[in-house]
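Be aware that the sequence shown starts at 1, since it is given in the UniProt record's numbering, and climbs by one per residue.
I have placed the structure first, in the form of structure tokens, so that the comments after it can refer back to it.
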Amino acid sequence: MSETVSLTVAQATVEFLAHQYSERDGVTQKLFAGALGIFGHGNVAGIGQALLQQETSALAAGETPGLPYVLARNEQAMVHTAVGYARQKDRLQTWVCTASVGPGSTNMLTGAALATINRIPVLLLPSGTFATRRSAPVLQELENFAAGDVTVNDAFRPLSTYFDRVSRAEQLPSALLSAMRVLTDPAQTGAVTLSLPQDVQAEAYDWPVELFADRTWHVARPPAEKSRIQAAADLIRGARRPMIVAGGGVHYSGAEDALAAFCEATGIPVGESQAGKGSLLHGHPQLMGAVGSTGTTAANALAREADLIIGIGTRWSDFTTASRTAFQAAGVRFINVNVANFDAGKQSGLAVVADAREALEDLTAALDGWSVDAAYRAEQGRLWAVWDAAVESAYQPGSEVTDALAPGKLTQGTVLGLVNELTDPRDVVLCAAGSMPGDLHKLWRVRDRRGYHVEYGYSCMGYEVPASIGIRLADETRDVFAMLGDGGYLMMPTELVTAVQERVKVVVVLVQNHGFHSIGSLSESLGSQRFGTRYRFRGTDSHRLDGDTLPVDLAANARSLGVTVIEVHSRDELAKAIRTAKDAPADGGPILIHVETDPLIHAPDSESWWDVPVSEVSTLDSTAAAYATYLQHRRQQRHHL
């Protein structure tokens, strides 16, 4: 009979998770860096007690806890921290997130959606109400009139790549093992949720000791079928104007060098999705930059006339395809290289289900000696030179722009340009929502494969601050610059307190433009006149939000949270602030640079489109005009059937 040990379900969960490892290419690392959590009555005596017991025992023995605990301030935010960490670690490591019953757990729903949409592994342990129902209904319990087994945690089901509820102790081993399998599967990974009822967490059980042995999960690199590689090579050889769209899968497989070698050999140009930006580094002759709705004119010009599109590790979001208007050539074909069959089958393309690095190396060999013609390479160079000059103009606008600025204000392009110029190549720029992601996608010059981190699968306002903590925890040798506007800051500033608590150095560049810059511009283009997008007093006579600017002092707010704040009002002051932040001690905690910008000065246009429906009928002339324009764009949509 096998040896057993008596532990509660929570203690067994913590002990198991502390012994999980991931391995790829012979390199092994702990799967979980630690646990982020906020305790309430649903988990304080369960997972909370288990983490305390493990920490106490480890420290008494002079060891590091197997699952170090970090106190978060918001449950959604702690999932963002885990996601930022996991993405920076190429999905090979992540965090556990524990929350209490009811609102504590449902606060994690947004984070779960973000993780799953972006294909990023994170383990969520929401607490559930009593499995025995002996005290039902308990505080914060949802009672469903039609079903006795429904809880609020069922809301995690459509948002998770794997969900299980552990209602009996005996179910825990199979639930944990299934969770690890999904977390380490590059094709299926995302948010994994194990719902733990509060009474079950505290129940004792005799567990087989082998459950807690070190366990290593292999992260696979599935190779492509030889016939698929040959079919893809035949399509490429027959193409006159092929183009690559590089997605996040290039980074997650570590395929950047393989992509560079493939492009140098073949001369095929590369456009990048948000997740794929940095697949080639700035200055590579085949790099045409961002593609799609927030793309460069160079990449989008080539996309319009390309006769073959090779998607590598992309899920083909509407921003990447410019809402299916980016690729206009008659008879354009697609090749989709993706580890997930689901994504490989999109755009009616030739599906090459494989790890990106493996497939690129095979394609390079299969195309040995083949290249696009010299004229196509030269065209790429000309298009890029024009765009690069436009970027420089956005970074350093002329007097016709700067003279029109209000005193103390800069352009957003100037802010991005200075941060790009004065940071180290290995530093990480981070953003998620607003006008900033589009500007970064177009303008930022990436100089290191891990130097660009924009969350644009869910584009979640509030992601920036907590994710910056995750990135810094993942690699303390890199400074992290979180770029966000006042709208994004107001969504989730509280996690700055966690950065203060843990002495995590992150640099927040807060661009104050007194409203929703991106949605304001979108609203205007759709005929909605920037309605509801300005932070203003309600007018006494108009009864609309068109009064004076609100006297909100976000710099003072950040100071009150314990953050070092630098307020700047000129280009020189901003440059000095960036240098000061760079020179700050590594354990000095967060720094916030506050700068005001003019939201009506935009980055260079992508000459592209994004499908946001406009009201078909309206009494507003602005809306009617926008609908006419909308119909013109709609006629350009193609479904590549």
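Here a beta-carbon is modelled for each residue, glycine too, at the ideal position from N, C-alpha and C.
Among residues of its own chain, excluding the 5 on either side of THR325, which ones have a beta-carbon nearer than 6 Å to its beta-carbon?
TRP609, GLN636 and GLN637.
Pick out whichever of ALA86, LYS576, ARG333 and GLY102 has its Cα sitting closest to the Cα of PHE39.
With distances taken between Cα atoms, PHE39 lies closest to GLY102.
Is LYS89 buried or exposed, if buried means 16 or more other CB atoms sit within 10 Å of its CB?
With 16 or more Cβ atoms within 10 Å of its Cβ, LYS89 is classed as buried.
Look up THR297 in the DSSP assignment and say whether it is helix, strand or coil.
In the structure shown, THR297 sits in a helix (DSSP, three-state: H, G or I).
So, do the stretch 452-466 and the stretch 429-444 have three or more beta carbon pairs nearer to each other than 8 Å?
Yes, the stretch 452-466 is in contact with the stretch 429-444.
Complete runs of the beta strand (DSSP E) confined to the stretch 218-289 [at least 3 residues]:
Secondary structure remark: continuous beta strand (DSSP E) runs of at least 3 residues inside the stretch 218-289, in chain order: 242-246 and 270-272.
Helix, strand or coil, according to DSSP, for MET461 in the structure here?
It is coil, neither helix nor strand.
Determine the closest residue to ALA344 out of LEU280, GLY190 and GLY249, with distance taken between C-alpha atoms.
Nearest neighbour of ALA344 by Cα position, chosen from LEU280, GLY190 and GLY249, turns out to be GLY249.
Please return the same chain residues whose Cβ sits closer than 7 Å to the Cβ of ARG447, not counting the five positions on each side in sequence.
Only LEU281, HIS282 and PRO425 meet the Cβ criterion.
Measuring CA to CA, which of ALA290, TYR630, CYS460 and GLN501 is closest to ASP587?
When each option's Cα is compared against that of ASP587, the closest is GLN501.
Determine the direct distance from the alpha carbon of GLN274 to that of VAL291, and round the result to whole angstroms.
Taking the straight line joining both Cα atoms gives about 9 Å.
Residue environment, HIS251, which counts as buried when at least 16 other CB atoms sit within 10 Å:
In this structure HIS251 is buried. Its beta-carbon is surrounded by 16 or more other beta-carbon atoms within 10 angstroms.
Comparing C-alpha positions only, which one of VAL122, ARG73, ALA112 and LEU71 sits nearest to ARG91?
Per the Cα distances, VAL122.
Using the Cβ count rule (16 or more neighbours within 10 Å means buried), how would you classify SER174?
So SER174 ends up on the exposed side.
Assess, as a yes-or-no matter, whether the stretch 383-390 is touched by the stretch 538-552 under the definition of 3 or more beta carbon pairs within less than 8 Å.
No: fewer than three Cβ pairs fall under 8 Å.
THR98 lies in the beta strand (DSSP E); which residues open and close that run?
94-99 is the extent of the beta strand (DSSP E) around THR98.
Per DSSP, the bridge partner or partners of SER127
Bridge partners of SER127: LEU196.
Top-ranked residue by Cα proximity to GLY34, from LEU52, VAL419, THR94 and ALA60:
Distance check between GLY34 and each of LEU52, VAL419, THR94 and ALA60 places THR94 closest, using alpha-carbon atoms only.
Could you check whether GLY190 and ARG165 sit closer than 8 Å to each other, using their CB atoms as the reference points?
Remark: C-beta atoms of ARG165 and GLY190 do not approach each other more closely than 8 Å.
Secondary structure at THR216, three-state DSSP: helix, strand or coil?
Here THR216 sits in strand by DSSP.
Quick check on the DSSP output: what are the complete alpha helix (DSSP H) runs of length 4 or more inside the stretch 168-193, in order along the chain?
The qualifying runs are 172-183.
Flag this pair as yes or no: are the beta carbons of ILE335 and VAL353 separated by less than 8 Å?
It is not a contact, given that the beta carbons lie outside the stated cut-off.
Hey, which unbroken runs of the beta strand (DSSP E) at 3 residues or more fall wholly within the stretch 461-517?
Here the runs fully enclosed are 480-485 and 507-512.
Boundaries (first-last residue) of the alpha helix (DSSP H) holding ARG559
Here the alpha helix (DSSP H) through ARG559 covers 554-560.
If LEU561 sits next to VAL568, beta carbons under 8 Å apart, how far is it from one beta carbon to the other, in whole angstroms?
LEU561 to VAL568, Cβ: 19 Å. No contact.
Tell me the DSSP bridge mates of GLY345?
Under DSSP, no beta-bridge partner is assigned to GLY345.
Supposed contact pair ASP427 and residue 643 - C-beta distance, whole angstroms, cut 8 Å
Only positions 1 to 641 of the chain appear in the structure, and residue 643 is not among them; the question remains open.
Return the Cβ separation of TYR630 and VAL614 in integer angstroms, given the expectation that the two are a contact with Cβ distance under 8 Å.
Between the beta-carbon of TYR630 and that of VAL614 there is about 4 Å, and that keeps the pair under the 8 Å contact cut.
On a CA-only basis, which of ALA394, ALA356 and ARG241 is nearest PHE327? Give me that one, please.
It is ARG241.
Within the stretch 384-454, note down every full beta strand (DSSP E) run reaching 3 residues or more, in order along the chain.
Uninterrupted beta strand (DSSP E) stretches at least 3 residues long and entirely within the stretch 384-454 occur at 428-431 and 452-454, given in chain order.
In terms of residue numbering, what span does the alpha helix (DSSP H) encompassing ASP149 cover?
Note, ASP149: premise wrong, no alpha helix (DSSP H); not H, not E.
Excluding the 5 residues preceding and the 5 following TYR85 in the sequence, name in chain order all residues of the same chain whose CB lies nearer than 8 Å to its CB.
The answer, listed in chain order, is ALA33, GLN93, THR94, TRP95, GLY470, ILE471, LEU473 and ALA474.
Extent of the continuous alpha helix (DSSP H) to which ILE47 belongs
Boundaries of the alpha helix (DSSP H) around ILE47: 47-60.
If you scan the stretch 323-369 from start to end, which runs of the alpha helix (DSSP H) of 4 or more residues do you find wholly inside it?
Unbroken alpha helix (DSSP H) runs of no fewer than 4 residues, entirely contained in the stretch 323-369, are found at 341-344 and 356-366, following chain order.
Helix, strand or coil for ILE578? Go by DSSP, reduced to three states.
In the three-state DSSP reduction, ILE578 falls in the helix class (H, G or I).
Under a three-way DSSP split, which group does GLY40 fall into?
Taken through DSSP and simplified to helix, strand or coil, GLY40 comes out as coil.
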